[in-house]
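Trainee:
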Amino acid sequence: MLDEERRYNEALTYLEKAHATYPEEIIYLANTAEIFYKLKAVQQAIAYAKECEAKSYISDIIRKVLSHEHISTTKS
1 MLDEERRYNE ALTYLEKAHA TYPEEIIYLA NTAEIFYKLK AVQQAIAYAK ECEAKSYISD
61 IIRKVLSHEH ISTTKS
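Each residue of the sequence shown is one higher than the one before, starting from 1 at the first, in full-length UniProt numbering.
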């Protein structure tokens with residue numbers, strides 16, 4: 001809901017709390033990656049997406065975020 005309302009910073013607060021409470025729930029990592037991506041914080045989005053990938057969780061948004069990994073690391 002906060003995502004739909006573009007209240008991304010507020011959403012991050014809740015996602016961080018949810019992940020701290022339920023670290024086994026990968027969806028919170030994926031949602032955090034998505035929110036950072038929407039905030040154009042690509043490096044942070046990639047870090048969370050890599051965590052998802054390491055835990056064998058891949059979704060369309062995770063693929064999209066990871067597709068920017070090479071681009072963001074080659075920019076100076």
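Don't be surprised by glycine CBs; every beta carbon is placed ideally from N, CA and C.
In this text the structure is predicted, and so the values were computed from the model without any measurement.
Can isoleucine 26 and leucine 12 be called in contact, C-beta distance under 7 Å?
Mentor: no
Trainee: Can you find the residues in the same chain that come closer than 7 Å, C-beta to C-beta, to arginine 6, ignoring five residues on each side of it along the sequence?
Mentor: none
Trainee: Spatial neighbours of tyrosine 22 within its chain, please: CB distance less than 8 Å, with the 5 preceding and 5 following residues excluded, ordered by chain position.
Mentor: The beta carbon of tyrosine 22 sits closer than 8 Å to the beta carbons of Tyr28 from its chain, once the five residues preceding and following it are set aside; these are given in chain order.
Trainee: By how many angstroms is the C-alpha of asparagine 31 removed from the C-alpha of tyrosine 57?
Mentor: 12 Å
Trainee: With 16 as the cutoff for other CB atoms within 10 Å, does histidine 19 come out buried or exposed?
Mentor: Buried: at least 16 other Cβ atoms inside 10 Å.
Trainee: May I have a chain-ordered list of the alpha helix (DSSP H) segments no shorter than 4 residues that lie completely inside the segment 18-52?
Mentor: 26-38
Trainee: Take lysine 40 as the anchor and find which of Glu10, Val65, Glu16 has the nearest alpha-carbon.
Mentor: Val65
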